[in-house]
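Residue numbers for the sequence shown follow this note's numbering, beginning at 1 and rising by one.
Where a beta carbon is used, it is the ideal one built from N, C-alpha and C, also for glycine.
Encoded as structure tokens, the structure appears first; notes follow it.
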Amino acid sequence: AYEIKECDWSSDVCSSDLVFPTIESMGSPLIHVILPVGMLQCNCSIFGDTASKEAIVIDPGDNIDQILGILGQHDLKVKSIIITHAHIDHIGGAAKLKAATGAPVMMNSNDQELYDHLDWQANWLNVETPAKTEIDVALKDGDVVELGGAALGNSDTDAPRRFEILFTPGHTQGSVSVWIPSEHKLIAGDTLFRDSIGRTDLPGGNSRQILRSIEDKLLTLPEDTIVVPGHGPNTTIGRERDRNPFLQGM
Numbered sequence: 001a002y003e004i005k006e007c008d009w010s011s012d013v014c015s016s017d018l019v020f021p022t023i024e025s026m027g028s029p030l031i032h033v034i035l036p037v038g039m040l041q042c043n044c045s046i047f048g049d050t051a052s053k054e055a056i057v058i059d060p061g062d063n064i065d066q067i068l069g070i071l072g073q074h075d076l077k078v079k080s081i082i083i084t085h086a087h088i089d090h091i092g093g094a095a096k097l098k099a100a101t102g103a104p105v106m107m108n109s110n111d112q113e114l115y116d117h118l119d120w121q122a123n124w125l126n127v128e129t130p131a132k133t134e135i136d137v138a139l140k141d142g143d144v145v146e147l148g149g150a151a152l153g154n155s156d157t158d159a160p161r162r163f164e165i166l167f168t169p170g171h172t173q174g175s176v177s178v179w180i181p182s183e184h185k186l187i188a189g190d191t192l193f194r195d196s197i198g199r200t201d202l203p204g205g206n207s208r209q210i211l212r213s214i215e216d217k218l219l220t221l222p223e224d225t226i227v228v229p230g231h232g233p234n235t236t237i238g239r240e241r242d243r244n245p246f247l248q249g250m
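Pasting the structure below:
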């Protein structure tokens, strides 16, 4: 299994580094492709279980044809579409991906108003308003979305992988992060970045709330947890605890 990583600059992060694509072994039968999509280069994550051929897609903001191509390349069927928050660069392609795959779209209901005004967001970026869809599952703190393992046996290695939902408001009122314990990975949306945190000057943002979310929900994870932010390069919880200027003193 492998991970493909490519990063670029985005206005959603206060600072960023530019890195070249890398391929690294994950040592597990789980495919993880990180695809920067759209004009703001949102990191869309595609997780695929090679045994069950099930997939979870997180934040399909754009480039749906490319996402479908990756799914087809690995013969994967999308089981769930998870949205970390309802900014257009993260949710803009959800309706198209749902129409193509039939998979349910999952998002915290506190961001429904943001999604209802997707046209306003499109106007801010001077882009065409994408199609919208119904949100099928209202994600809550502590929810678990499972991937694979259902008919593969009873051993620990065959157990479904747990994608655990952490409610992390602050960047928006409905922001969530996704913790995958089996992979020691966190999909952080626009809550935590390498050397930075998500901006809070957009509608629904709250600077105290985002810091509380990071301290209470993210910094409690193991230090070697790989953090995949909504934009830019990966990092770890330990690195951000030690070096992120916004988190000093926590």
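Practice task
Taking I58 as the reference, give the member of S213, Q112 and E164 with the closest Cα.
Solution key: As a first step, residue 58 is located in the sequence shown; it is residue number 58 there, counting from the start. For I58, the nearest C-alpha among the options comes from E164.
Practice task
Pick helix, strand or coil for E183, following the three-state DSSP scheme.
Solution key: Indexing the sequence shown from 1 puts residue 183 at position 183. Correct three-state label for E183: helix.
Practice task
Would you give the residue range spanned by the alpha helix (DSSP H) that K132 belongs to?
Solution key: By one-based count along the sequence shown, residue 132 stands at place 132. Premise fails: K132 is in no alpha helix (DSSP H) and is neither H nor E.
Exercise for the section: Kindly list the residues whose CB is nearer than 7 Å to the CB of I67, restricted to its own chain and excluding five residues on each side of it in sequence; keep chain order. Expected result: In the sequence shown, counting from the first residue as 1, residue 67 sits at position 67. Once the five neighbours on either side are set aside, the close Cβ partners of I67 are L35, C44, I46, V57, P60 and L97.
Practice task
Measure the alpha-carbon distance for E240 versus R194 and round it to whole angstroms.
Solution key: The count along the sequence shown starts at 1 and reaches residue 240 at position 240. The count along the sequence shown starts at 1 and reaches residue 194 at position 194. The straight-line gap from Cα to Cα measures roughly 7 Å.
Practice task
Evaluate W120 with the Cβ neighbour count: other Cβ atoms within 10 Å of its Cβ, from every protein chain shown; 16 or more gives buried, anything less gives exposed.
Solution key: Locating residue 120 in the sequence shown gives position 120, counting from the first residue. So W120 ends up on the exposed side.
Practice task
State the DSSP-derived secondary structure class of G48, mapped to helix, strand or coil.
Solution key: By one-based count along the sequence shown, residue 48 stands at place 48. Residue state, collapsed to three classes: strand.
Problem - Three-state secondary structure (DSSP) of H74 - result: Numbered from 1 along the sequence shown, position 74 holds the residue referred to as residue 74. If DSSP states are grouped into helix, strand and coil, H74 belongs with coil.
Problem - Complete runs of the beta strand (DSSP E) confined to the region 93-148 [at least 3 residues] - result: 105-107 and 144-147
Problem - the region 201-217 touching the region 168-177, judged by at least three CB pairs closer than 8 Å - result: yes
Handout entry: Limits of the unbroken alpha helix (DSSP H) element including L211
Key = Against the sequence shown, residue 211 aligns to sequence position 211. Element bounds for L211: S207 to S213.
Handout entry: Bridge partners - E164, DSSP secondary structure assignment
Key = Locating residue 164 in the sequence shown gives position 164, where the first residue counts as 1. According to DSSP, which records beta bridges pairwise, E164 is partnered with V144 and W179.
Problem - For G189: DSSP bridge partner residues - result: As a first step, residue 189 must be located in the sequence shown, where it is residue number 189. Answer by DSSP bridge pairing, in chain order: P229.
Handout entry: Straight-line gap, A188 to L114 (C-alpha atoms, nearest Å)
Key = On the sequence shown, position 188 is the one that residue 188 refers to. On the sequence shown, position 114 is the one that residue 114 refers to. Spanning the two alpha carbons is a distance of roughly 19 Å.
Exercise for the section: In the DSSP assignment, find the unbroken alpha helix (DSSP H) run with H90 in it and report its ends. Expected result: In the sequence shown, counting from the first residue as 1, residue 90 sits at position 90. It spans I88 to I91 - the alpha helix (DSSP H) in which H90 sits, taken as one unbroken run.
Handout entry: C-alpha gap between L221 and G238, whole angstroms
Key = The count along the sequence shown starts at 1 and reaches residue 221 at position 221. The count along the sequence shown starts at 1 and reaches residue 238 at position 238. The alpha-carbon atoms of L221 and G238 are separated by roughly 9 Å.
Practice task
Between the Cα of I214 and those of V178, H184 and D75, spot the shortest distance and give me the residue it belongs to.
Solution key: On the sequence shown, residue 214 is found 214 positions in, with the first residue counted as 1. Ranking V178, H184 and D75 by Cα distance to I214 puts V178 first.
Problem - Whole-number beta carbon distance between L76 and K53, since they are thought to touch under 8 Å - result: Locating residue 53 in the sequence shown gives position 53, where the first residue counts as 1. Locating residue 76 in the sequence shown gives position 76, where the first residue counts as 1. The pair is a contact, with the Cβ atoms about 6 Å apart (cut-off 8 Å).
Exercise for the section: Give the straight-line distance between the Cα atoms of L219 and V78, rounded to the nearest whole angstrom. Expected result: Along the sequence shown, read from residue 1 onward, the residue named residue 219 stands at position 219. Along the sequence shown, read from residue 1 onward, the residue named residue 78 stands at position 78. Cα to Cα, L219 sits roughly 30 Å from V78.
Practice task
Can you have a look at P233 and say buried or exposed, based on whether 16 or more other CB atoms are within 10 angstroms of its CB?
Solution key: For the purposes of this step, residue 233 is taken as residue 233 along the sequence shown, with counting starting at 1. It is buried - the Cβ of P233 has at least 16 other Cβ atoms within 10 Å.
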